[in-house]
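Chemist: Here the sequence shown is numbered in our numbering, starting from 1 and rising by one per residue. The beta carbon of each residue, even a glycine, is placed where N, CA and C say it ideally should be. Note that the structure is a prediction, hence the values are computed from the model and not measured.
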Amino acid sequence: MDGYLEDGFDIAQLVPGFRPPVAAGAPAADAAALDAADAGMRHWTSPAEGLFTPGSDLHRRETCRMFRDTFNPYRPAVLDWPRLPPQALARIVALPIWDIAVQTEGKAKLRMAAYAGTVPDPDMRAALALNAWEENRHKEVLARMVAAYGIALAPEAPYAWPADAERAYLVTGFSECIDSFFAFGLFELARRSGLFPRELVDTFEPVMQEECRHILLFANWIAWHRANLSPWRRLRFEAKVAAVWAFLVWERIGLARTVGSDAAQDNNFTLNGAQAVAAEAPALPDLLALCLAENERRFAGYDARLLRPATVPRLVRLALRMLGRAAH
Ligand SMILES: [Fe+2]
Ligand SMILES: [Fe+2]
C-alpha cells in the first residue's frame, strides 16, 4: 500500500495541480539512491548569488528549491521493523507518545494541505503541499510501526477541516518549531542511551531530519509572507500570530497542569520524555544544552542565507543563562 490514501486523504484533490513525488506503485529506489537522498536531505546550498532578502522572489524561489531538492523518497512500505528483544519491545510500547504522535501528523497534514490550497504562488503552494504529503507519510510510518509492534492506539477522532487555513498552518508550524526543538534533543538522548536498537533509531532518523526541513520551510515562508503583506494586512497577521502564540502557551501550560492524568502522560512527553528514553535522565540544563546543540547540528547543513526558526532557541539560551549555564 503505497498510495498513502488509507484514510481517504488525497492531497492531489486538496491542492489542485499537486503531484505526489513518489507515484503509487512505482518501484522503490535502490539502496545507493536512498543513501544519496539521505545525505542530500541534510546538506543544501543554493547556486544562486546574493542575499535572500525576506519577501523577495529570490528568497521564495530558493526556499522552495531547498524543499524540493532535499526531498527524501524513502517509502514507509519498505521500512524494516527489526525484531525487538522483549525488554526493548516493552520499552517502545510503553513510550507515552504514540497517540499524540499519530494525531499530530493527522492534524498537520490536513492543515498544511488546507493552507497550501489557498496559496496563489505555484512554487510556494507546491512546497507546502509536499510538506502535507510528507506529514501523511510520517503518519504511515507510525501506522506501520504501531502494527509491527502491537501498540494499542486510542481511536482517532475525525480531523476537522480548518475554518481559517492560515491560522491552522500557523498553529501547526509554530507547534512543530517548539516540539521539534525538544524532540531533536530527546532523540539524541535515546540514541546515546543504547536502550533502543540501532536499526530502529536509524529508521526514525530521516523523519527527524524531515521535521527540521519543515520548520526551515515554515521560518522562511512566514518571513516571505509577512514581507509581502500590505500594512493593514500585516497588522491583522501579527495579531493572528500573537493569538496563536498565546494559544500554544496556554495549551502547554494547560497540559503541564494536568500532569498525572492519562492525557497528560502523552502531552508532557517533552517534560517526561528524558526519563522514558534514557536510563539516567540528565539534569535540565544538560538536556536543554543538548537540545540546543542538536538543533544547531541539524540546521548546519543548509544554506546560511535561509532563515532559521529563532524563538525557541532564543528562549532556551535565555533559560540556560538564567540557570547559570553559558550557551554557545
Ligand atoms: Fe510530521
Ligand atoms: Fe512536519
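Can you grab the Cα-Cα spacing for the pair Leu95 / Phe196, in whole Å?
Modeler: About 12 Å.
Chemist: Check the Cβ-Cβ distances between Glu280 and every residue of chain B, and say whether any is below 8 Å.
Modeler: The chain labelled as chain B is not found in the depicted structure, where only one protein chain is given.
Chemist: With DSSP collapsed to three states, give me the class of Trp98.
Modeler: The answer is helix: DSSP assigns Trp98 an H, G or I state.
Chemist: If you draw a straight line from the C-alpha of Ala293 to the C-alpha of Gly254, how long is it?
Modeler: Whole-angstrom Cα-Cα distance: 28 Å.
Chemist: Go through its chain and collect everything with a Cβ distance to Phe218's Cβ below 6 Å, but skip five positions before and after it.
Modeler: These residues qualify, in order along the chain: Gly173.
Chemist: Report the residue ranges of all alpha helix (DSSP H) runs contained in full by the segment 168–229; include only those spanning at least 4 residues, in chain order.
Modeler: Correct list: 198–227.
Chemist: Per DSSP, what are the beta-bridge partners of Tyr302 in this structure?
Modeler: Tyr302 pairs with Trp44.
Chemist: How big is the Cα-Cα spacing for Arg91 and Tyr159?
Modeler: Using only the alpha carbons, I get a separation of about 29 Å.
Chemist: Are three or more beta carbon pairs between the segment 9–16 and the segment 123–137 nearer than 8 Å?
Modeler: Touching, per the Cβ criterion.
Chemist: Who are the near neighbours of Tyr149 in its chain, counting only those whose CB is closer than 8 Å to its CB and skipping five residues on each side?
Modeler: Trp81, Leu84, Leu89, Ile92 and Val93, listed in sequence order.
Chemist: If you draw a straight line from the alpha carbon of Met322 to that of Ala243, how long is it in whole angstroms?
Modeler: Between Met322 and Ala243, the C-alpha separation is close to 27 Å.
Chemist: So is the beta-carbon of Ala101 under 7 Å away from any non-hydrogen atom of ligand 2?
Modeler: No, Cβ of Ala101 sits at least 7 Å from all heavy atoms of ligand 2.
Chemist: Return yes when at least one heavy atom of ligand 1 lies under 7 Å from the C-beta of Ala31, else no.
Modeler: Not so, every heavy atom of ligand 1 lies at least 7 Å from the Cβ.
Chemist: Would you grab the beta carbon distance between Trp417 and Ile11 for me? Rounded to a whole angstrom, and I think it's under 8 Å.
Modeler: Residue 417 cannot be examined here, being either before or after the span of the chain that is shown, 1 to 328.
Chemist: For the alpha helix (DSSP H) containing Phe67, name the first residue and the last one.
Modeler: From DSSP, the alpha helix (DSSP H) with Phe67 extends over Asp57 to Asp69.
Chemist: Given 7 Å as the limit, tell me if Glu211 has its C-beta closer than that to any heavy atom belonging to ligand 2.
Modeler: Yes.
Chemist: Three-state secondary structure (DSSP) at Phe247?
Modeler: Phe247 falls in the helix class under three-state DSSP.
Chemist: Exposed or buried, Thr70, counting other C-beta atoms within 10 Å across all chains shown (16 or more means buried)?
Modeler: Thr70 should be labelled buried.
Chemist: If you measure from the CB of Glu176, is any heavy atom of ligand 2 nearer than 7 Å?
Modeler: For ligand 2, at least one heavy atom lies less than 7 Å from the Cβ of Glu176.
Chemist: Give the DSSP-derived three-state secondary structure of Glu49 in the structure shown.
Modeler: Glu49: coil per DSSP, three-state reduction.
Chemist: Does Pro309 come out as helix, strand or coil in the three-state DSSP assignment?
Modeler: The answer is coil: DSSP assigns Pro309 none of H, G, I, E or B.
Chemist: In angstroms, rounded to a whole number, what distance separates the CA positions of Ala31 and Glu199?
Modeler: Approximately 15 Å, taken between the alpha carbons.
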